[in-house]
Each structure stands twice: as structure tokens, then as C-alpha cells.
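Heads up: the structure comes next, in C-alpha cells.
Right, dumping it as C-alpha cells:
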């Protein structure tokens, strides 16, 4: 049997992942990551048993830490809370910087890459653990050449393979994803059957460090405050007509329809964000369409192709995969033609 570090968020998925491995006879070590975005007391692990009754599912709150600790105690496994506030500050900076560059960040992917499958491996090495496990809905299986690769979860509605693309390929042999072969309903049923205190805890729906899910207010607080008039700009049509003004490009993402606060007589969508001029360009739905894209910083989890290959491409976590030709480029980026 192996020694395995399990990233425990206090949610049902990572709790069942730990329980599954424990029942298989492995030596399991539970770890909770404190990000330090609230006062340090907000993420302390100590607390009375009632904290675990929290109905809110996050991944870094005091209630989440207490839930993870209670599950670990029930499973009779060692449990530690690791302080990652310095490293997590990089994720918060990335989050704010991307919005101010007119791009939409994905902090969960960066967190998985830098922390869950980055720093946790350093900890695993320090304690002599062979594997790192999480509660993500995805599977590690063998590719055509026999090497380990990431595959979609059995429960496609919950599949999280997209957010794991940043894992270093060399680490895949040491990654375990115990819940990826189950449907979500099965995971909740197992948690209930085993009497885990988080069996009916709601799934996380928000970015863990953004209060009230208001990312624009969070960015403003971090980068200048609500009255930073130098962030104001124009909302214009695709033909250059000024339709209104805004208080910061951090409020917008390409494809957005709601919250534009301009009267056009018909639906308009964010087509483009110009950070240098702080202009937000809106247009009709058909003006959003693109036939290709260039993606940088490719992380190949299989042997990189030497020429164009036909595959399926997802451009967002919740978007369906669509057919495309992917052509690698000399600078490490790739061109995808739809």
C-alpha cells in the first residue's frame, strides 16, 4: 500500500476521495490549504464541532477547514493545514492583472497548476508520499502509447479535466483522481452511507477569494478603489459609435451580454476589450464568431504533434468541445482552426 497526500477542501468530493483511498488500505495524509485572503483566524483549523454544519461550500474558509478536519478525524488519518498565503498572493495578482489587461482569468486552473499539483508535490516529497490525490472529476488512464494521461470523468456533467491541463506531464504518474470514475450522485450516496459530515454540503459555485462573487469590486479594491476615474472608459459599437461609459474594464468579459447598461434596442455582446484605450466594444452575436485562435504557453500532456492534427477543442470550462485542426508553432504556441 502507498502513502498518499490528499488535498482536502472540506467538500464532499475530496472527503470521499480520502475515504476511498483509506478503505483501499493506503496510508492517507489529509492537507488543507490556507490562502490567507481573510484574517488568519478565518482559516484556522481549530473550532467547535458545530462549524462543520456549514451549508456553504467554499474551499478555504474557517468552516471548510473545520469540515476537512472532522472528516479526517472520522477517517483516523493525520491532518495538517498548510499556509500558502504568499503563493496564493501570486494567484490573486494574476487574477487582477488579467482583468485589467482585458482578459478573463481562470484562477482555479492557476491554483491547480501552482499549488494543488505544484507545491503539494513538494510537500509529498518531504513526507515520503508516492502520490497526490484530489477530489477532481477526471481520470488518469493510459494513452495510446502507454503513458499516463488525463481523461474525462465518467460524469460528463461534472467533468473537470479542462481545469487540470496545467499539470506537468512528469507528475501524471503520481496523480490520483479517485472520484473520476463515479457519478456525482454516487459520491454523495457513498458519503451518506459512510456517515461523512459533509454528505449534503452544497457544491462550490464561486471563486473562493472573491467576496459575494463580485470580482469587479474585488479588483477595484486591490488596484485603486471605487473612485479611480482613470479607469473609466467608453462603450462603443463595432463601427465606433459611442453608446455609453463604464467605470472599469474589469467589469467585462468577451461574450458578456448582461450588465452592459446601454440602450441599443436589441441584444448586444462584448466583442472586444481594448485595455490601452479602456474601450469596451459591443456588437451583435454574430460579430463574436471567430474561425481560429492562437493559444500560447501550451502544456502538452501527450507527445506534442509535429504537424497539424485534428482534435476537439474547448475554449471555456463550460463550453462544449468542438472539432478543430491544431497546428503547433515554433514559439510554443499553437493555431486552432475551427
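Residue numbers (the numbering used here): 55 to 392. Using N, Cα and C, we set each Cβ at its ideal position, and we do this for glycine too. Note that the structure is a prediction, hence the values are computed from the model and not measured.
Original post:
Thinking C-alpha only, which one of 127, 193, 230 and 220 is nearest residue 60?
Top reply: 230
**OP:** Please look up how many angstroms separate the CB atoms of residue 66 and residue 192, rounded, as I've assumed it's under 8 Å.
**Re:** Incorrect: roughly 16 Å between the Cβ atoms, too far for contact.
Original post:
In terms of residue numbering, what span does the beta strand (DSSP E) encompassing residue 389 cover?
Top reply: 388-391
**OP:** Report yes if the C-beta distance between residue 64 and residue 122 is below 7 Å; otherwise report no.
**Re:** yes
Subject >> Neighbourhood of residue 351 by C-beta, 8 Å cutoff - its chain only, sequence neighbours within 5 removed >> reply: 386 and 387
Original post:
Taking buried to mean at least 16 other C-beta atoms within 10 Å of its own C-beta, is residue 69 buried or exposed?
Top reply: buried
**OP:** Pull up the DSSP beta-bridge partners for residue 298, would you.
**Re:** 289
Original post:
Do three or more CB pairs link the stretch 126-146 to the stretch 75-88 at distances below 8 Å?
Top reply: yes
Original post:
Alpha carbon to alpha carbon, what distance is there between residue 320 and residue 164?
Top reply: 37 Å
**OP:** Apply the 10 Å Cβ neighbour rule to residue 331 and answer buried if 16 or more other Cβ atoms are within range, or exposed otherwise.
**Re:** exposed
Original post:
Do residue 289 and residue 334 have their CB atoms nearer than 7 Å?
Top reply: yes
**OP:** State the beta-bridge partners of residue 195 as determined by DSSP.
**Re:** 203
**OP:** Evaluate contact between the stretch 176-188 and the stretch 335-348, counting only Cβ atoms and requiring at least three cross-stretch pairs below 8 Å.
**Re:** no
Original post:
Between which two residues does the alpha helix (DSSP H) carrying residue 314 extend?
Top reply: Run containing residue 314: none; DSSP gives neither H nor E here.
Subject >> Distance, residue 326 Cα to residue 277 Cα >> reply: 22 Å
**OP:** Give a yes or no on contact between the stretch 215-233 and the stretch 352-369, applying the rule of three or more CB pairs nearer than 8 Å.
**Re:** yes
Original post:
Which residues in the same chain as residue 126 place their Cβ atom closer than 6 Å to its Cβ, once the five residues preceding and following it in sequence are excluded?
Top reply: 84 and 133
Original post:
From 392, 384, 371 and 383, pick the residue whose C-alpha is nearest to that of residue 377; which is it?
Top reply: 392
**OP:** Answer with buried or exposed for residue 236, where buried requires no fewer than 16 other C-beta atoms within 10 angstroms of its C-beta.
**Re:** buried
Original post:
Rounded to whole angstroms, how far is the Cβ of residue 390 from the Cβ of residue 349, which I believe are closer than 8 Å?
Top reply: 7 Å
Subject >> According to DSSP, residues forming a beta bridge with residue 324 >> reply: 336
Original post:
Leaving out five residues before and five after residue 316 in sequence, what residues of the same chain have Cβ atoms less than 6 Å from its Cβ?
Top reply: 289, 297 and 298
Subject >> Rounded separation between residue 211 and residue 366 - CA only >> reply: 17 Å
Original post:
Taking the Cβ atom as the reference point for each residue, do residue 233 and residue 241 lie within a distance shorter than 7 Å?
Top reply: yes
Original post:
Closest by CA to residue 305, which one among 129, 182 and 152?
Top reply: 152
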